[in-house]
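**Student:** The structure's right below; bear with me while I get my questions together.
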Amino acid sequence: MIEKLKGFRDFYPEDMEIREEIFSKMRKKAKVFGFRPIDYPSLELLEMFRIKSGDEILSQTYSFKDRGDREITLIPEATPSTVRMLVTRKDLPRPVRWYNIPKLWRYEEPQSGRTREHMQMNADIFGDDSLEADADTIGLACSILDSLGLRGSYEVRVNERGIMEHILKSIGSKDIKNDLATIDRFHKMKREDIVERLVSSGIEEQKAILLCEFVEKSYTIEEAEQIIVQKFNPGNITDLMGRIKETFRILKENGFENIVYNPSTVRGLAYYTGIVFEGFDREGKFRSIFGGGRYNNLSALFSGMEIPAVGFGMGDAVLENLMREKGLWKNTENERRYYIIGLDEKGREESVRVAFRLRQRDVQCVAHSGGKNLSNALKNATKLNFTHTILIGKNEMDNGKYTVRDLASGDQKSMEMDQIG
RNA sequence: GCCGGGUUGGGGUAGGGGAUAUCCUUGGGGACUGUGGAUCCCCGGACCCGGGUUCAAUUCCCGGACCCGGCCCCA
Numbered sequence: 018m019i020e021k022l023k024g025f026r027d028f029y030p031e032d033m034e035i036r037e038e039i040f041s042k043m044r045k046k047a048k049v050f051g052f053r054p055i056d057y058p059s060l061e062l063l064e065m066f067r068i069k070s071g072d073e074i075l076s077q078t079y080s081f082k083d084r085g086d087r088e089i090t091l092i093p094e095a096t097p098s099t100v101r102m103l104v105t106r107k108d109l110p111r112p113v114r115w116y117n118i119p120k121l122w123r124y125e126e127p128q129s130g131r132t133r134e135h136m137q138m139n140a141d142i143f144g145d146d147s148l149e150a151d152a153d154t155i156g157l158a159c160s161i162l163d164s165l166g167l168r169g170s171y172e173v174r175v176n177e178r179g180i181m182e183h184i185l186k187s188i189g190s191k192d193i194k195n196d197l198a199t200i201d202r203f204h205k206m207k208r209e210d211i212v213e214r215l216v217s218s219g220i221e222e223q224k225a226i227l228l229c230e231f232v233e234k235s236y237t238i239e240e241a242e243q244i245i246v247q248k249f250n251p252g253n254i255t256d257l258m259g260r261i262k263e264t265f266r267i268l269k270e271n272g273f274e275n276i277v278y279n280p281s282t283v284r285g286l287a288y289y290t291g292i293v294f295e296g297f298d299r300e301g302k303f304r305s306i307f308g309g310g311r312y313n314n315l316s317a318l319f320s321g322m323e324i325p326a327v328g329f330g331m332g333d334a335v336l337e338n339l340m341r342e343k344g345l346w347k348n349t350e351n352e353r354r355y356y357i358i359g360l361d362e363k364g365r366e367e368s369v370r371v372a373f374r375l376r377q378r379d380v381q382c383v384a385h386s387g388g389k390n391l392s393n394a395l396k397n398a399t400k401l402n403f404t405h406t407i408l409i410g411k412n413e414m415d416n417g418k419y420t421v422r423d424l425a426s427g428d429q430k431s432m433e434m435d436q437i438g
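Per my numbering: the first sequence ends with 438, consecutive numbering throughout.
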């Protein structure tokens, strides 16, 4: 037996159909939000990811030398290729709204919600530094989850890196990058260790404890503002706070209530420069469903051009975890699929003719090709996922109408071919 | 890269130092030749891999692979 590679997945039709339905809903929502599809290679020069993330990424990529001695890699994330495409075309009218659903690879130990190969919907807005673009980005992610039936099952944790930096500076941090990384791990480390790490970068212990108390929970944006202003004396954050409040207001006003301010959401050491956000299931059982934020500096690394950007990625693995748990991992389309059964020799000949005729009108159908056994044919129809059968025997041939049976209800009626569909 | 728990037909399982390896389901074939989505009959199909202990290993021991979960890291 040939085995598949560790951490990779096969998809059989029963799951693949569901996955395609999910992707088609993602595409539909992206489209109505004004995003256009792109695509790019699965292999890129390793250098591109080194520019963005540094050398340590080498240990987590599927990378190798090609026959021309180039260091190349299966892409571990979507953003660099997208930005590469963006800066290549200097003629593009901005703002640019692009999305795609590529396969991505990372060479790491598989665990719940993380495989070595996965698909991830990515949507980005370039050349638009507005808070409205931030809101649209989060709005699209939420609209997708809602359209999948997950409304009420998730929350979006939002933070603003600028505000966090102001806070850290005001309480004496000498190593803001490192402290953001510490905060990112807040829920994974012991409180004493967090405090110790914060203190070691120059923060007084009292302030470090105060920060921990703040970072521990989620807040409404108003609560967060009050605490930040009263407890941390963060300097002038009026603009930043005004912006994030307005972003919250837009989202709430337009039906997305499940948005909280969560100071521990900082998205690691990544390239984010402003708003950051992550979607989680309400019960906190799984990893993040989607994550993203504003990254205004990345394009400069690629081209010297400063193009503001905001976007998110939403992987298929955690989404599947959650949808299965909520009983939503199922087909929701209700298309008809006909199984055409000839009851005698003439009927079987006719069943093939009928099949081709129906397909000309895009009606899904297959003619039964097994033996004469009606019982087995009906059983096949059910097991092979058809919704209706069409029976063709002597009676049908005589009067030119076929017997159409709804397999779910058992209802049966006589129809002419042109009425079937 | 590290840690824990697993691995018996396609799926789900029982068992166990020696026998034809259990049961359900799925798959294939057949009977019943127009209302029967059944029923009945028949047939396929498995002890993850390598080494060790033993007269004998699917069973015990060691190592590996893979699966599930966690850590590290996070794109």
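The C-beta atom is built at its ideal place from N, Cα and C for all residues, glycine as well.
CB-CB under 7 Å to L227, same chain, minus the five flanking residues each way: which ones, in chain order?
**Tutor:** K248
**Student:** Does the structure place the stretch 120-137 close enough to the stretch 91-108 that three or more beta carbon pairs sit under 8 Å?
**Tutor:** yes
**Student:** Less than 8 Å between the beta carbons of E337 and W346, yes or no?
**Tutor:** Yes; because the gap between Cβ atoms is below 8 Å, this pair is in contact.
**Student:** Skipping 5 residues on each side, what residues in its chain have a beta carbon closer than 6 Å to that of V327?
**Tutor:** These residues qualify, in order along the chain: I142, A150, D151, T154, R311.
**Student:** Rounded to the nearest angstrom, what separates F273 and H204 at their Cα positions?
**Tutor:** 26 Å
**Student:** For Y236, which residues of its own chain have a beta-carbon under 6 Å away from its beta-carbon, when the five flanking residues on both sides are left out?
**Tutor:** Y278
**Student:** Answer yes or no: the CB of L401 versus the heavy atoms of the ligand HEM, is any distance below 7 Å?
**Tutor:** Only the bare structure without any ligand can be found here, which leaves the ligand HEM out of the picture.
**Student:** DSSP state of A140, grouped into three classes?
**Tutor:** strand
**Student:** Using the Cα positions of K418 and S164, report the straight-line distance between them to the nearest angstrom.
**Tutor:** Between K418 and S164, the C-alpha separation is close to 40 Å.
**Student:** Under the three-state reduction of DSSP, which class applies to L121: helix, strand or coil?
**Tutor:** strand
**Student:** Could you tell me which uninterrupted beta strand (DSSP E) segments, each at least 3 residues in length, are contained entirely in the stretch 137-188, listed from first to last along the chain?
**Tutor:** Whole beta strand (DSSP E) segments, 3+ residues: 171-177.
**Student:** Contact defined as beta carbons within less than 8 Å: I believe G438 pairs with I409. What is the distance between those atoms, to the nearest angstrom?
**Tutor:** About 17 Å separates the two Cβ atoms, so there is no contact after all.
**Student:** Use the C-beta contact count for E20: other C-beta atoms within 10 angstroms, 16 or more gives buried, fewer gives exposed.
**Tutor:** exposed
**Student:** Please report the residue range of the alpha helix (DSSP H) in which Q223 lies.
**Tutor:** 222-232
**Student:** Which residue wins for smallest C-alpha separation from V100, given the options E209, W115, F294?
**Tutor:** It is W115.
**Student:** So E221 and V212 are supposed to be a Cβ contact under 8 Å. How far apart are they, rounded?
**Tutor:** Not confirmed; about 10 Å, so no contact.
**Student:** Exposed or buried, which one is S368 when buried takes at least 16 other CB atoms within 10 Å?
**Tutor:** Per the 10 Å Cβ criterion, buried.
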